Structure formats: structure tokens, C-alpha cells
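Encoded as C-alpha cells, the structure appears first; notes follow it.
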Amino acid sequence: MRHLALTGLLATLVAGCGGSDKGDAAAKTAGIPLSIASAKQSETPVKVTKKLDEYPAEIRALLQRANAAVVAGRNAVAIESLCQAIGQTPEDASLFRMRADVYKLQGENASARADFSTALRLAPNDPDLWNNRGYFLMSQGLTAEALSDFNRAIQLQPAHTAALNNRGLVHLANQKMEEAEADFTKALDADQKFVDAWNNRAFARLKLNRLAPAMDDIRQALRLDERYATAWNNCGLIAVRQENWEEAVRAFSRAIELEPLDSRWLGHRREALLKLGRYEESQADAARVVWLEELQRLSVAAQQSPRGTEVWMQRGGHLLAGREYGAAAQDFTRVLLLQPKNADALAARARAWVAMGDRERAMADCDSCLAIREDNEALSLRGDLWLHREDVERALADYEAAERFDEQVAQAYDLRAAAYAKSGKATEAAADRSRAAGIRSALAAPTSATAAPAAADPSFNP
27 MRHLALTGLL
37 ATLVAGCGGS
47 DKGDAAAKTA
57 GIPLSIASAK
67 QSETPVKVTK
77 KLDEYPAEIR
87 ALLQRANAAV
97 VAGRNAVAIE
107 SLCQAIGQTP
117 EDASLFRMRA
127 DVYKLQGENA
137 SARADFSTAL
147 RLAPNDPDLW
157 NNRGYFLMSQ
167 GLTAEALSDF
177 NRAIQLQPAH
187 TAALNNRGLV
197 HLANQKMEEA
207 EADFTKALDA
217 DQKFVDAWNN
227 RAFARLKLNR
237 LAPAMDDIRQ
247 ALRLDERYAT
257 AWNNCGLIAV
267 RQENWEEAVR
277 AFSRAIELEP
287 LDSRWLGHRR
297 EALLKLGRYE
307 ESQADAARVV
317 WLEELQRLSV
327 AAQQSPRGTE
337 VWMQRGGHLL
347 AGREYGAAAQ
357 DFTRVLLLQP
367 KNADALAARA
377 RAWVAMGDRE
387 RAMADCDSCL
397 AIREDNEALS
407 LRGDLWLHRE
417 DVERALADYE
427 AAERFDEQVA
437 QAYDLRAAAY
447 AKSGKATEAA
457 ADRSRAAGIR
467 SALAAPTSAT
477 AAPAAADPSF
487 NP
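Below is the structure:
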């Protein structure tokens, strides 16, 4: 299953199930996601399965506060609330398990491990807890200790699908493909709808060069979850091994469509495109990989300096250039939360809004930017927005202030000339037609001394 430590904090009181994240670093080293299915209830009664309404009112309030804090990203508040709850009911394994999840979110792995271990001391016969700690240890690269925990979970509950799947992942990491395939098969025997196990067994079978069964498995995974990007990638890898390059390109393309910021899919598609002799497309994928590598560098820098406006501006500009407009707008918003009068961020965010079709917000950001300073980019973009509203007078006023001269400005003069002519203002109409002709003449002559045009937004279509 997907990671449930955020919105599912309170759900652990009932299910006691583990979480996983398809973007986990440990998963990438194995080539597949570290996956945990929704754990089924243990047949052995344990404290961790207590329902929320079985707690006293004051404990329920603390848990609800903790859950709301995690959802809001305020992990320290969640930890404080859970500490208070543990102080009142120190023998409840569920509370330690929940606090361990939040510690993990905080990156406080030593504290997380201590809480997982305390939960197991309090509820040693709960297979879900053994599986949960095993997954945590596996995510830290401690595969030998994780394997021991998964073995214990399976000993307590032989058909524990999540533990079987995760033990299979440890075998994959240890290059024990036969053992991995066997564990994924046992997980599927227990749950035929366990999509991650289908994907994982397909990967194991790919490594074992059992290509036809591997493709059967991956197609079943995709029937269960058509939006599973990693399964599409594995489908492509199997097709590559079968030298079915067209199918490989289709599969990698679907993975890219679902997760466009993962460079792995692009690298794989590039190789398949080369095999098909589609060199221009392959070069485009290679360029995109370089773009993503720079994005990764900027992302790391931003994480290291979360209040550094310059790096967020750089990252937002990079996203804007890569046509990731929503993410770019978010980065410029981060800058504006720190520096509300940052004119560069306002002008850049306005461009992102326009690209997303939100012209009202774009106009507001242009106005805010221009209230701070004269800015040719904001003036030019606001001119486009006025033109879209068919307010040619204001559009031309902004274009002239921005010293922008291009075909779109010439068309704006033509529009006003037509309006002048219709109202009987022949002199004004002739003047505007002359301005439009002058712009076009200048554009046709690269050596002209005419001032360089301000850059128009390539995504704008009035």
C-alpha cells in the first residue's frame, strides 16, 4: 500500500498496518518500490487493534490533535501530543507505533526505532508490528535485521501478505531471485488483488529471464492499477528484454505521463527510441534528463536552505522553463511568503498563471509588481492580458511602456486602426497602420537600429 503515515495516523489504531512510499530511496536501489499491502488483522488479540472510541475522551482529543498536526506538516506538535497520550497510557503499543511513524517523518530515525521496539515489547505477538519495524529497518538499509523481523511476522501469521512481500524485497536486494519469487507467489496466493506483489514478482521473473511469465504478471498488475508508473516501467523493461521496442516505448511513455519528473523512465525510453532509429525524440529525452538533473540539484539546495529566496527563484525559473507551471507557481509563492514585495517573483508567477490559463491571478500579480517598480516583463505580459480582454488601448499603453515591438504589438495597432477607421478617425487609423508597418519592417531587417523587442510569453494566445 501507499504510505499512510500522513492522513492515516488514526487508522493505525484499528488496522495496525504498515506504510510504504513508492518514491523511497531504498526502493530505487532495488529497482522497484518498497511496497506494503494493507495488513490484515492478526488472529491473536493484541492491544494495537484498539478502536479510537475505546480511549478516554482526553486521549482521543490528543490523538485527533496529533493527526491534524501531521496532516498540516506540524510534526513537532504531533509528537508533543503523542508524548502526552503515552504519558497517560504508557502500556499502549499503538501510541508508540504512531509516534514512531511521526519520528520517521521528522527524520529522527533513532527515536523511531526506539518506539517501534517499545511497541514490540508491549505487543510481542502482533505480526503487523514486526512487519512495520521490518519495513522501517529495510528503508534504512538494515536488510539483515529487517529480514529477521519479517520472518517473525510470518512465523506469527504465515499468510501475512505484507511481510511476505517485504521479505521478497529483501531477497531481491540480496540478489536471491528464486527466494524473492517464492515469497511474492505466497503473497499472491493469500491475496490475488495485491498489485505490488504482481509487480514485484514480475521484476523477479525478469531478473530470472522468465520473460513470458514476467509480462503476464506485469499486465495483471496494470489491470489492477492502470496508473502504477513503476509497473509501466517494468513492463517496458520486460519488452526491452524481448526486443519489442515499440511496446517498450509505449510503456515508458505511459510511466512518463504518470510521473513526468522521474528521470529513470526517460532514460529507459531514450534507449528504446535509439533502437528504433528515432534519434530526434531520443535527443529530446536526453535533454529532459539533463533538465531533471538540474532540478534535482536545485531541489537539494532548496531543502538545505528553505528560507533562501534566491534558490527558490532559481528553481521556480527552471520549472517555468521546463513547462512545469504549477510547481513553478508554488516556488514563487514560497518566495513571496518570505518577501511579499519581491517584484521578480510576482512577475515570474504571473507568467506561470498565464500558462495555466489563470489570467485573473496573472493580472493581479502584474499589478502588484508594477506597484513596486517599473518592470518591462510585467508590462509586456499585462499588455497581453489587456489584449485578451479586447482592451486594445490599455494593451498598447503597456506595450509602449515596455518598449515591446513584435508581431503581436503590430496586430494590436491594426486592431486599433480598424476601430479608428470604423468611427471615422481616418488620421488616427493611418497613424496606427503606419506604426504596424514600421514594426514589421523593423522585424524583417535584423540589422535595423530599432530597439530590441521585449520578450513575449510564448504560451500566451490572445
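Take 27 as the starting number for the sequence shown in the numbering used here and just add one per residue.
Idealized CB from N, CA, C, for every residue including glycine.
As the structure is a prediction and not an experimental result, all values here were calculated from the model.
Looking at the structure shown, is residue i part of a helix, part of a strand, or coil, going by DSSP?
i           : result
residue 186 : coil
residue 460 : helix
residue 219 : coil
residue 451 : coil
residue 59  : In this predicted model, residue 59 has a pLDDT of only 31, less than 50, meaning its place in the structure is not dependable enough to derive any value.
residue 382 : coil
residue 201 : coil
residue 191 : helix
residue 259 : helix
residue 151 : coil
residue 351 : helix
residue 79  : helix
residue 176 : helix
residue 402 : helix
residue 365 : coil
residue 409 : helix
residue 229 : helix
residue 167 : coil
residue 68  : For residue 68, the predicted structure reports a pLDDT of 33, less than 50, and the residue's modelled location is therefore unreliable. A value from the coordinates is still provided. Reduced to three states, the DSSP call for residue 68 is coil.
residue 426 : helix
residue 331 : coil
residue 304 : coil
residue 159 : helix
residue 416 : coil
residue 25  : The structure shown does not extend to residue 25, since the chain is modelled only from 27 through 488, so no value can be given for it.
Taking the alpha carbon of residue i as the point to measure from, which residue in the options has its own alpha carbon closest?
i           : options               : result
residue 389 : 349, 137, 95 and 373  : 373
residue 207 : 186, 240 and 184      : 240
residue 510 : 122, 271 and 153      : An answer regarding residue 510 cannot be provided, because it is not within the stretch 27 to 488 covered by the chain.
residue 116 : 237, 148, 409 and 371 : 148
residue 400 : 425, 181, 338 and 129 : 425
residue 414 : 429, 402 and 386      : 386
residue 177 : 193, 92 and 283       : 193
residue 108 : 90, 406 and 97        : 90
residue 436 : 326, 332, 418 and 450 : 418
residue 175 : 153, 408 and 165      : 153
residue 335 : 169, 358, 313 and 428 : 358
residue 294 : 262, 179 and 427      : 262
residue 268 : 237, 209, 406 and 245 : 237
residue 85  : 464, 106, 304 and 350 : 106
residue 136 : 146, 124, 156 and 166 : 166
residue 120 : 133, 168, 141 and 212 : 141
Nearest-angstrom Cα distance between residue i and residue j?
i           : j           : result
residue 204 : residue 189 : 17 Å
residue 225 : residue 242 : 10 Å
residue 280 : residue 378 : 25 Å
residue 67  : residue 291 : Because residue 67 sits at a pLDDT of 32, beneath the cut-off of 50, its placement in the model cannot be relied upon, and the following sentence gives the value as read from the coordinates. Taking the straight line joining both Cα atoms gives about 37 Å.
residue 285 : residue 278 : 10 Å
residue 469 : residue 421 : 20 Å
residue 229 : residue 191 : 13 Å
residue 300 : residue 308 : 6 Å
residue 409 : residue 346 : 20 Å
residue 381 : residue 97  : 30 Å
residue 471 : residue 369 : 34 Å
residue 477 : residue 252 : Confidence is the limiting factor: at residue 477 the pLDDT is only 47, short of 50, which leaves the residue's position unreliable and the question unanswerable from this model.
Thinking C-beta only, is residue j closer than 9 Å to residue i?
i           : j           : result
residue 287 : residue 250 : no
residue 376 : residue 397 : no
residue 216 : residue 257 : no
residue 361 : residue 338 : yes
residue 118 : residue 126 : no
residue 324 : residue 348 : no
residue 130 : residue 162 : yes
residue 341 : residue 327 : yes
Enumerate, from N- to C-terminal direction, the unbroken beta strand (DSSP E) stretches of 3 or more residues contained entirely within the stretch 90-146.
-> Fully enclosed beta strand (DSSP E) runs of 3 or longer: not present.
Curious, which full-length beta strand (DSSP E) runs of at least 3 residues does the stretch 232-288 contain?
-> Listed in chain order, nothing qualifies, since the stretch 232-288 has no complete beta strand (DSSP E) run of 3 or more residues.
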